[in-house]
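In this text, residue positions in the sequence shown follow our numbering: the first is -5, and each later residue adds one.
Each residue gets a CB set at the ideal place from its N, CA and C atoms; glycine is no exception.
Contents: one structure, followed by commentary.
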Amino acid sequence: MTGDTQHDDPKAGFIGVLAELAAASGPDGLTLGEIIDRLDERAFGLMIFILAVPCLVPGLPGAQVIAVPIFLLAGQMALGRSEPWLPKRFLALRVKKDWLDLMAGFAAKRLAWAERVARPRLTLFATGIGERLTAIAVALASVTIMLPLTNSVPSLGVTLASIGVLQRDGLFALAGMAICLAWTLFLVAVPLGAVLGVAFFSDIMARLTGGG
-5 MTGDTQHDDP KAGFIGVLAE LAAASGPDGL TLGEIIDRLD ERAFGLMIFI LAVPCLVPGL
55 PGAQVIAVPI FLLAGQMALG RSEPWLPKRF LALRVKKDWL DLMAGFAAKR LAWAERVARP
115 RLTLFATGIG ERLTAIAVAL ASVTIMLPLT NSVPSLGVTL ASIGVLQRDG LFALAGMAIC
175 LAWTLFLVAV PLGAVLGVAF FSDIMARLTG GG
């Protein structure tokens, strides 16, 4: 790791980290690999946060692609890896400077409240086993982000969960986990209910037409 890495301090604001990344990026921005190198111990939470925030935009083009590294990072968190790993093709993806500036500005304007409110509490749900359970919920939600036009709600859950992990705030982690799981169950329940409903209706019609 380089001397510019960020250390695992839950009191350190994630908005400031984003601003530092934007300031450190050259005209061509930074690759995902370079961003990970700069984030050090908080790379998992910050990378998921950085990837999830753009997906809050309804129907964002490319959200399905962004969801893949979110899934990979969350899966590694769930397995207890200490450092993130991404395939070389993802590490080489370049995040433009304009996008980093936009991210930092959006976070400062729209998410400053979260940084003010979030603090180490209920850490059982944001560290250790709790962090792994949160990561599983994030991984499930990332799969739903891959579906067309379903990215905003799960991305909100992922964003809150990542803030919880970053700030060691179990309340944020629980809120994010609840949204991730509720949305995943909803997307599973709707088609399942439709299939069962059609089957039930078909059975009733068959009985009626059969004279039963």
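Residue environment analysis places A106 among the exposed positions, since fewer than 16 neighbouring C-beta atoms fall within 10 angstroms of its C-beta.
Annotation for I157: A108, A112, F166 place their beta carbon closer than 6 Å to its own, counting only its chain and skipping 5 residues before and after. With 16 or more other Cβ atoms inside 10 Å of its own Cβ, I30 counts as buried. For G122, the enclosing alpha helix (DSSP H) covers residues 122 to 139. If you compare the alpha carbons of P185, A183, V152, M71 with that of A169, the shortest gap goes to V152.
Ranked by Cα distance from L150, the first of K82, P48, M71, F84 is P48.
When secondary structure is reduced to three states using DSSP, G74 falls in the coil class, being assigned neither helix nor strand.
Judged by beta-carbon spacing, G39 lies beyond the 9 Å limit of F84, meaning their Cβ atoms are not closer than that value. Under DSSP, the beta-bridge partners assigned to D163 are R115. Of the candidates G99, S146, M41, M41 places its Cα closest to the Cα of G27. Linking K103 to A183 through their CA atoms gives a straight-line distance of about 36 Å. Taking the C-beta atoms as reference points, C174 is found nearer than 9 Å to A131. Assignment of T25 by DSSP, reduced to helix, strand and coil, places it in the strand class.
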